[in-house]
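Read top to bottom, the protein sequences are chains A and V. Mind the numbering: the first sequence is residues 247 to 516 in the numbering used here, read in order. Mind the numbering: the second sequence is residues 23 to 221 in the numbering used here, read in order. Heads up, the beta-carbon is just placed ideally off N, CA and C, and yes, glycines get one too. Structure record follows, encoded as structure tokens.
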Amino acid sequence: MLAKRIIPCLDCDLGVPFGRVVKGVRFKQIRYAGIPWELAQEYDKQGADELIFLDITASHERRETMSKVIEKTSENVFMPLTVGGGIRSLKDARTAFNAGADKVSVNTAAIKNPDLLNEISKYFGTQACVIAIDAKRRYEHKTGQEMVDTPQGECWFECSLYGGREFTGIDAIQWAIEAEERGAGDIMLTSMDRDGTKDGFDIELTSAVSNSVNIPVIASGGCGNLEHILEVFKKTNVSAALAASIFHFGEYTVSEVKEYLKKNGVHVRL
Amino acid sequence: MIAIIDYGMGNLRSIYNALMNVNGDPVIVSDSAKLSGADAVVIPGVGSFGDGMNNLRPFEDELFDLIHDGIPMLGICIGMHVLFDWGEESNCEGFGLITGDVIRLPQGVRIPQMGWNELRIRCDSDLLSGINDGDFFYFVHSYYCVPENKHTITATTDYGVDLAAVVEKDNIHAVQFHPEKSSTKGLIILKNFVEMTRC
Chain A
247 MLAKRIIPCL
257 DCDLGVPFGR
267 VVKGVRFKQI
277 RYAGIPWELA
287 QEYDKQGADE
297 LIFLDITASH
307 ERRETMSKVI
317 EKTSENVFMP
327 LTVGGGIRSL
337 KDARTAFNAG
347 ADKVSVNTAA
357 IKNPDLLNEI
367 SKYFGTQACV
377 IAIDAKRRYE
387 HKTGQEMVDT
397 PQGECWFECS
407 LYGGREFTGI
417 DAIQWAIEAE
427 ERGAGDIMLT
437 SMDRDGTKDG
447 FDIELTSAVS
457 NSVNIPVIAS
467 GGCGNLEHIL
477 EVFKKTNVSA
487 ALAASIFHFG
497 EYTVSEVKEY
507 LKKNGVHVRL
Chain V
23 MIAIIDYGMG
33 NLRSIYNALM
43 NVNGDPVIVS
53 DSAKLSGADA
63 VVIPGVGSFG
73 DGMNNLRPFE
83 DELFDLIHDG
93 IPMLGICIGM
103 HVLFDWGEES
113 NCEGFGLITG
123 DVIRLPQGVR
133 IPQMGWNELR
143 IRCDSDLLSG
153 INDGDFFYFV
163 HSYYCVPENK
173 HTITATTDYG
183 VDLAAVVEKD
193 NIHAVQFHPE
203 KSSTKGLIIL
213 KNFVEMTRC
């Protein structure tokens, strides 16, 4: 049986020579967690199933630093590596793959130019193309949007860009379905209401998107403890859960999370 | 020298690094003439069946010569698929080195299968030495191989169907998962493969 995946996410500030992993709440209160490939090796030892490197600086000059990070990581970490943040073109994707990435995740560029998804999946395969969707709850009714019942009332989910600094009016569920049709192989779904809050995953969002597509969905945003990860696997049919700060600052190791999940009946790789 | 065939399909760095890690001597080969003299051949794989076959055709003669000489060969994912007779994905003929077809995963499961799944070992093989029943490997695929001779299947995995995860026929070894992405267990498989080249 396929195991549920636990994916540490490394938010990388590439403004320093070897990059550094950072975590903050909406880019405030930033804390430094370490050197990307050193953390990657540590997570490999702990039994992480996959790693995601997000370039939070996302500027072209720093693409070279990301390549260095991935090259260095792939020398001795043998698990799937995803690169995201500022991938704008097929060329950016190719640079990431040449450095050793297995997948690229795209958000803003795909919303602005949806054909990019078709191109990436055509040239590098569906499995290499991750669509990142950053979704925010909207409680006002709007025709044409998928309304979802939540304990807080009926809402729809709006896609945002640039890490939540710009909104699009696009319905996240409809966009997820379109992204699948265009060749995305994985959806990295982040709740902008929960991201950085440690209040737990947005179960209604995760469930609604995961039930609307046939490709794997990675739940992201809001993970603050072990129970949150268990909850998202028990209440939704997502394939994977992503977390950052609970791992970076040593609150839990990946193996602790997995042992807890296994004890509670979730099928994981140990 | 272990030749990794570069047929223009994605990331060869990880398989190269993984073989280096287990003391292999990999060389990435993009020119079929350079295949001769190889002690072993790896056909890595990402992408689609049709594109893979198109790009591999130029290597066909040299590849068949090596296989007939008994050189160990490892096909990974698409590199496994192309060894079969026919692929549903591109409605395209493969090399036909193993009799059987490559068909789409069944309805009712998420496609692609993406993630770590358990190996069910059917019979011992040198490639699987040190691997236990239930060990996890990393799979990414939408199609799977159905060999006509079930005895060539040395391990399976369960994903909506009990599918062939490892197929072995004489010196031809083929794995549906990615050993180069399967952490320490994957490295054991690659180490076993490297050791075959030294027999």
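Leaving aside the five residues before and after residue i along the sequence, list all residues of the same chain whose C-beta is less than 8 Å from its C-beta, in chain order.
| i | result |
| --- | --- |
| V/D157 | E140, L141, K207 |
| V/E190 | S147, L149, T174, T176, A196 |
| V/L57 | A25, I27, V51, V63, F81, E84, L85, L88 |
| A/M438 | D380, A381, K382, S406, G410, G467 |
| V/A55 | E84 |
| A/D417 | G390, Q391, E392, W402, F403, E404, C405 |
| A/V268 | D257, C258, D259, I276, R277, Y278, A279, I302 |
Could you give the first and the last residue of the continuous beta strand (DSSP E) run that contains residue i?
| i | result |
| --- | --- |
| V/G137 | 135-140 |
| A/L285 | From DSSP, A/L285 is part of no beta strand (DSSP E) but of the alpha helix (DSSP H) over 282-292. |
| A/G330 | 327-330 |
| A/R383 | 375-384 |
| V/K191 | 184-191 |
| V/F158 | 158-163 |
| A/D417 | 412-417 |
| A/R251 | 251-259 |
| A/S466 | 463-466 |
| V/H195 | 194-197 |
| V/G97 | 95-98 |
| A/I366 | Segment 361-370 is the alpha helix (DSSP H) holding A/I366; no beta strand (DSSP E) there. |
| V/I27 | 24-27 |
| A/S453 | Run containing A/S453: none in the beta strand (DSSP E); it sits in the alpha helix (DSSP H), 449-458. |
| A/F495 | A/F495 -> no beta strand (DSSP E), and no H or E assigned at all. |
Report the neighbours of residue i on chain V: residues whose CB is nearer than 9 Å to its CB, in chain order.
| i | result |
| --- | --- |
| A/L248 | V131, R132, Q135, M136, G137, W138, N139, E140, F161, T179, D180, Y181 |
| A/I461 | R132, I133, P134, M136 |
| A/S501 | Those do not exist, as A/S501 stays about 13 Å from chain V at its closest Cβ, beyond 9 Å. |
Residues in the same chain with beta-carbon distance under 7 Å from residue i, minus the five sequence neighbours each way, listed in chain order, please.
| i | result |
| --- | --- |
| V/D61 | M23, I24, I93, T219 |
| V/R144 | I175, T176, A177, T178 |
| V/K203 | S36, Y160 |
| A/W421 | I379, C405 |
| A/D441 | G467, G468 |
Below 8 Å on C-beta distance, what does residue i contact in chain V?
| i | result |
| --- | --- |
| A/T372 | P134, S164 |
| A/S485 | R132, M136, G137 |
| A/N322 | N39, N43 |
I want to check one thing, is the minimum distance from the CB of residue i to the heavy atoms of the ligand ZN below 7 Å?
| i | result |
| --- | --- |
| V/Y38 | In the structure on display, the ligand ZN does not appear, and there are no ligands present to speak of. |
Taking Cβ positions only, does residue i come closer than 8 Å to chain V?
| i | result |
| --- | --- |
| A/F493 | no |
| A/N364 | no |
| A/F479 | no |
| A/G431 | yes |
| A/G346 | yes |
| A/P326 | yes |
| A/G496 | no |
| A/D295 | yes |
| A/E505 | no |
Identify the continuous alpha helix (DSSP H) that holds residue i and give its terminal residues.
| i | result |
| --- | --- |
| V/I210 | 205-218 |
| V/L119 | Counting along the chain, V/L119 falls outside any alpha helix (DSSP H), and DSSP gives it neither H nor E. |
| A/V500 | 500-509 |
| V/S58 | From DSSP, V/S58 is part of no alpha helix (DSSP H); its letter is neither H nor E. |
| A/K318 | 309-322 |
| V/G74 | 71-78 |
| A/F518 | Look at the range of chain A in this structure, 247 to 516, and you will see that residue 518 of chain A is not part of it. |
Determine, for residue i, whether the minimum Cβ-Cβ distance to residues of chain A falls below 8 Å.
| i | result |
| --- | --- |
| V/E110 | no |
| V/F71 | no |
| V/I24 | no |
| V/V124 | no |
| V/L105 | no |
| V/V216 | no |
| V/G46 | no |
| V/L209 | yes |
| V/V68 | yes |
| V/S36 | yes |
For residue i, which residues in chain A fall below 8 Å Cβ to Cβ?
| i | result |
| --- | --- |
| V/F158 | A249, R515 |
| V/K213 | Here the premise fails: no neighbours, minimum Cβ distance about 12 Å. |
Taking residue i as the query, report the chain A residues whose CB atoms sit under 9 Å from its CB, ordered along the chain.
| i | result |
| --- | --- |
| V/E202 | F324 |
Starting from the beta carbon of residue i, find every residue of chain B whose beta carbon is closer than 7 Å, and list them in chain order.
| i | result |
| --- | --- |
| A/D290 | Protein chains A and V are contained in the structure displayed, whereas chain B is not. |
Interface residues of chain A around residue i at Cβ under 7 Å?
| i | result |
| --- | --- |
| V/G152 | By Cβ distance, chain A contributes nothing, its closest Cβ being about 16 Å from V/G152, past 7 Å. |
Residues in its own chain within less than 6 Å of residue i by CB, not counting five upstream and five downstream?
| i | result |
| --- | --- |
| A/S367 | C375, G429 |
| A/E450 | V394, T396 |
| A/V514 | A249, K250, K504, L507, K508 |
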